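Protein chains: 2
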Amino acid sequence: MDEFELIRRYFDRKRVVAGVEIGIGDDGAVLVPDPLKHQVQVIDTLVEGVHFPSDTDPADIAYRAVAVNLSDIAAMGAIPRWMTLALTLNNASEPWIAAFAAGLFEAADNHELALVGGDTTGGPTMTVTVTISGEVEKGAALLRSGAKPGDAIFVTGTVGDAAAGLALLQRHEVDEFLVQRFLRPTPRVETGRRLIGKASAAIDISDGLLGDLKKLLLASGVGGEIDISKLPISDALREKFDLAQQRRYALTGGDDYELCFTADPGAVKNIPGITQIGTVSGSAGLVCRLHDDIVDVDDSGYRHFR
Amino acid sequence: MDEFELIRRYFDRKRVVAGVEIGIGDDGAVLVPDPLKHQVQVIDTLVEGVHFPSDTDPADIAYRAVAVNLSDIAAMGAIPRWMTLALTLNNASEPWIAAFAAGLFEAADNHELALVGGDTTGGPTMTVTVTISGEVEKGAALLRSGAKPGDAIFVTGTVGDAAAGLALLQRHEVDEFLVQRFLRPTPRVETGRRLIGKASAAIDISDGLLGDLKKLLLASGVGGEIDISKLPISDALREKFDLAQQRRYALTGGDDYELCFTADPGAVKNIPGITQIGTVSGSAGLVCRLHDDIVDVDDSGYRHFR
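Heads up: the protein sequence lines correspond to chains A and B, in order.
Under our numbering, the first residue of the first sequence is numbered 60, with each subsequent residue one higher.
Under our numbering, the first residue of the second sequence is numbered 60, with each subsequent residue one higher.
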C-alpha cells in the first residue's frame with residue numbers, strides 16, 4: 060500500500076468546494092476564511108482498542124471520528140467547514156480503506172464538511188485523528204464559562220444510550236438503536252447554531268453528563284442541581300435496562316455526544332429536542348436530586364472502551 | 060495521570076496571544092484569521108518505533124513533531140500562527156510529559172507559534188499528531204504545481220544529513236551535528252517567506268530529494284535534470300561517509316526538511332543558503348547527471364526509521 064496512491068484513490072474527491080483554494084495533494088491546504096467570522100478549531104483522536112473495539116466496521120470508525128469532532132464544533136455553536144485526517148494504519152486492506160473513506164464522507168457530507176488534507180502513516184495501533192475548522196459569528200461562540208445562577212440546565216436528545224450500546228456491543232448482544240447511538244453519534248450541529256445568542260454556556264457530553272456538566276459549572280464559577288427524574292431516557296434504554304442502570308448510564312456513561320447547556324428557559328422555548336434537567340446556582344458543586352431527595356451519585360468516571 | 064490535569068499543568072500557558080480569542084480549555088479554540096490573508100493548514104503524525112526510536116528524548120520527539128509541520132508551512136510560504144496537538148501516550152511519566160512540553164514550546168517559540176488546543180489519549184503506541192495553521196498573502200501560496208521549463212531547481216541548506224544522523228543514532232554512534240539534523244530539523248520558514256512571488260513551485264524534503272522533487276515535477280507537468288556534483292553536502296556528512304554514501308543519503312535519504320523549489324535564478328540571487336542543483340525541462344521525468352554523464356539512481360524509497 061503506497062500512501063500517496065491510497066490518498067489519491069479514496070480521499071481526494073477533486074470537488075470544487077467553497078473556501079478551498081487548494082485541497083489535498085500539496086504540502087498544505089489553502090483556505091479562505093470568512094472575514095466576518097471567527098474560526099473554531101477542534102481535534103479529537105480515536106485509538107483502536109481504547110475508543111472502539113478492534114473489529115468495529117471501518118465505516119463506523121470513520122463516521123464516529125468525524126461525528127465526535129462535529130460534536131465539539133456544535134458545542135461551540137459553529138458551522139463546520141474544513142476537515143483534516145491523520146490516519147495511522149496497521150496493514151489495512153484496500154476494502155478496509157474504501158469502507159473507511161465511505162464512512163468518513165457520509166458523516167462529512169451531512170454537514171457540507173470538506174476534507175482538505177491529511178497524513179497517512181503506518182504503525183502498530185490504528186489511530187484516527189480528525190480536526191475540523193468551523194466558523195462562528197464574531198464574539199458569539201458558545202463557551203463553557205458563561206453560566207449564571209438562575210439559568211436552566213438543558214440536554215439535547217437522550218442520554219445514556221451510547222454507554223449502553225457499547226456494553227451490548229461488547230457482549231455481542233443486538234440492539235440496533237443503542238449500538239448505533241455508540242457507533243454513529245448524532246452531532247447536534249443545528250441545535251448548536253440555534254443556541255447562538257441564547258445559551259449562556261455549552262459543552263458536549265463525551266465523558267458523561269455529570270463529569271461534563273461539572274466542567275461547565277467549574278469554568279463558569281457557579282454550581283447547580285439537576286433532578287434525576289427529569290433525565291431524557293430513550294425507549295430503547297428503558298426496555299433493555301432497569302431503572303438504576305438507565306440512570307447510571309445517563310449520568311456517567313460517556314460517548315453520548317449530546318449537548319449540555321445553560322440558558323434562560325424563555326430564550327430557548329422554541330428549540331426542539333431539548334430537555335430541562337436542572338438549574339444553575341450560586342454555590343459551588345453539583346447536587347443531584349431525585350424529586351425532593353438529594354442523592355449521592357458515583358461519578359468516578361467513564362473510561363471509554365477500556 | 061488525569062488528562063485534564065496534565066493538559067492544564069504542562070500545555071496551557073495562559074498567555075495572551077494575538078489572534079487567539081479562546082485557547083486551550085473549551086470544546087474548541089476560537090481564532091481570528093487575518094481577513095487580508097489566506098489560511099494554510101498542515102497536519103503530520105509521528106509514530107513511536109516508525110518515525111523515531113522508542114528511546115528518543117521526549118523533548119526531541121516534540122521538537123521534531125512541530126518542526127516537520129513547520130516545514131510544510133514553510134513549503135507553502137506561510138507564516139505559522141496556531142498549533143493543535145493530539146497526543147497518544149502509553150503510561151508516560153510526569154517528567155516525560157514535562158520534557159515533551161518543553162521541546163514542543165521550544166520549537167514553537169522560535170516561530171511565535173501558539174498552542175491553541177489538543178486531545179490527550181491513552182493507547183499502546185505513542186503517537187504525536189500536530190497541526191499548524193498559517194497565513195499567507197492571498198493567491199501567493201507556494202504550490203508544487205507552478206514549475207516551468209527553464210526554471211532552475213534549488214535546495215536550501217544541505218541534504219542527506221538527517222538520514223545519516225538516523226543511521227548513526229541507530230548504531231549508537233556519536234556525531235552531534237548529524238544526529239541533531241535528524242532529531243531537530245530546521246524548518247525553513249524564513250526562506251519560504253522570502254520565496255513568495257519568486258519561486259514558481261516548492262516542496263519540503265521529507266521522503267528524500269529525488270522522490271519529493273519528482274512529486275513537484277509531476278504536479279507541474281514538467282521534467283527536470285539535476286547534477287549530483289552540485290548537491291550541497293555538509294562537512295560532517297563528508298567526514299563521516301564515503302562519496303557514494305553521501306550521495307545516496309543526499310538523494311534518497313529522507314527527513315531533511317529542507318525546501319526544494321524552482322525559480323528564475325535572477326529572482327532569488329539575494330536569498331542566502333540556497334544551492335542550484337539543476338534545471339526544469341519540458342520533457343517528463345527526472346534525469347540525474349554527474350557532470351556530463353547520466354547516472355541511474357535507485358530511489359526505491361526511504362522508509363523512515365523502519
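All C-beta atoms, glycine included, are put in the ideal place defined by N, C-alpha and C.
Small disclaimer: the values here were computed from a predicted structure and weren't measured.
Where the beta strand (DSSP E) through residue i begins and ends
i: R154 (chain B); result: The identity of residue 154 (chain B) in the sequence shown is Pro, whereas the question assumes Arg. Counting along the chain, P154 (chain B) falls outside any beta strand (DSSP E), though it belongs to the alpha helix (DSSP H) covering 153-168.
i: K96 (chain A); result: 96-106
i: I120 (chain B); result: Per DSSP, I120 (chain B) belongs to no beta strand (DSSP E); it is in the alpha helix (DSSP H), 117-134.
i: D178 (chain B); result: 173-181
i: R348 (chain B); result: 344-349
i: E196 (chain B); result: 186-196
i: A145 (chain B); result: 138-148
i: S340 (chain B); result: 333-340
i: D85 (chain B); result: Note, D85 (chain B): premise wrong, no beta strand (DSSP E); not H, not E.
i: D352 (chain A); result: 352-354
i: F213 (chain A); result: 211-215
Buried/exposed call for residue i, threshold 16 Cβ in 10 Å
i: A260 (chain A); result: buried
i: D355 (chain A); result: exposed
i: S342 (chain A); result: exposed
i: V75 (chain A); result: exposed
i: K73 (chain A); result: exposed
i: L237 (chain B); result: buried
i: D294 (chain B); result: exposed
i: M197 (chain B); result: Note that residue 197 (chain B) is Lys in the sequence shown here, rather than Met. Exposed, because fewer than 16 other Cβ atoms sit within 10 Å of the Cβ of K197 (chain B).
i: L148 (chain A); result: buried
i: Q98 (chain A); result: buried
i: R243 (chain B); result: buried
i: H170 (chain B); result: buried
i: L95 (chain A); result: exposed
i: A77 (chain B); result: exposed
i: E317 (chain B); result: buried
i: L172 (chain B); result: buried
i: S359 (chain A); result: Bear in mind that a pLDDT of 49 at S359 (chain A), under 50, signals an unreliable position, so the model cannot answer this.
i: D168 (chain B); result: exposed
i: G82 (chain A); result: buried
Given residue i as reference, the closest of the options once Cα atoms are compared
i: L296 (chain A); options: A:R252, A:V233, A:F320, A:K328; result: A:V233
i: P208 (chain A); options: A:A118, A:V79, A:S279; result: A:S279
i: K289 (chain A); options: A:Y122, A:F213, A:D131, A:Y316; result: A:F213
i: D366 (chain B); options: A:P291, A:A173, A:L318, A:L275; result: The first residue shown for chain B is 60 and the last is 365, placing residue 366 (chain B) beyond what the model contains.
i: L375 (chain B); options: B:L146, B:I262, B:I330, B:G270; result: What the structure shows of chain B is the stretch from 60 to 365, and residue 375 (chain B) is not part of that stretch, so it cannot be assessed.
i: G270 (chain A); options: A:I292, A:Y308, A:V89; result: A:Y308
i: G224 (chain A); options: A:V327, A:F241, A:V218; result: A:F241
i: A121 (chain A); options: A:P92, A:A166, A:L95; result: A:A166
i: L254 (chain A); options: A:F320, A:S192, A:W141; result: A:F320
i: G87 (chain A); options: B:I102, B:E235, B:G78; result: B:I102
i: I264 (chain A); options: A:P291, A:H231, A:G312, A:R306; result: A:G312
i: E80 (chain A); options: A:G216, A:V175, A:L302; result: A:V175
i: T186 (chain A); options: A:F111, A:E171, A:A77; result: A:F111
i: R252 (chain B); options: B:A222, B:L202, B:A157; result: B:L202
i: S113 (chain B); options: A:G182, A:V189, A:I336, A:D220; result: A:G182
i: A199 (chain A); options: A:L227, A:L318, A:R230, A:K257; result: A:K257
i: D93 (chain A); options: A:T115, A:A145, A:E194, A:D71; result: A:E194
i: V339 (chain A); options: A:P117, A:I156, A:A206, A:D314; result: A:A206
i: T215 (chain B); options: B:V327, B:D119, B:Q229; result: B:V327
i: A151 (chain A); options: A:T184, A:D131, A:A133; result: A:T184
The alpha helix (DSSP H) enclosing residue i, as first and last residue numbers
i: G251 (chain B); result: 248-254
i: E235 (chain B); result: 235-242
i: A303 (chain A); result: 302-311
i: D286 (chain A); result: Here D286 (chain A) belongs to no alpha helix (DSSP H); instead the beta strand (DSSP E) covers 282-286.
i: D220 (chain B); result: 220-229
i: D263 (chain A); result: That residue, D263 (chain A), is in no alpha helix (DSSP H); its beta strand (DSSP E) goes 258-263.
i: E298 (chain A); result: 294-299
i: A278 (chain B); result: 268-279
Cβ distance (whole Å) where residue i is taken to contact residue j below 8 Å
i: T180 (chain A); j: V127 (chain B); result: Their Cβ separation, rounded to whole angstroms, is 12 Å, which puts T180 (chain A) and V127 (chain B) out of contact at 8 Å.
i: T54 (chain B); j: T143 (chain B); result: Nothing about residue 54 (chain B) can be reported from this structure: the residues present for chain B run from 60 to 365 only.
i: L163 (chain A); j: V125 (chain A); result: 6 Å
i: G219 (chain B); j: I292 (chain B); result: 6 Å
i: D210 (chain A); j: A322 (chain A); result: 6 Å
i: A160 (chain B); j: Y69 (chain B); result: 4 Å
is_contact[residue i, chain C] using C-beta, thresh 8 Å
i: H97 (chain B); result: Included in the structure are the protein chains A and B, with no chain C among them.
Proximity test, residue i beta-carbon vs the ligand SAH heavy atom, cut-off 7 Å
i: E194 (chain B); result: No copy of the ligand SAH occurs in the structure displayed, which carries no ligand at all.
**Study point:** Touching by the beta-carbon criterion (3+ pairs, under 8 Å), the region 284-294 of chain A and the region 336-347 of chain A
**Key:** yes
Exercise for review: May I ask you to verify whether the region 127-138 of chain B touches the region 238-253 of chain B, counting CB pairs closer than 8 Å and requiring at least 3?
Suggested key: yes
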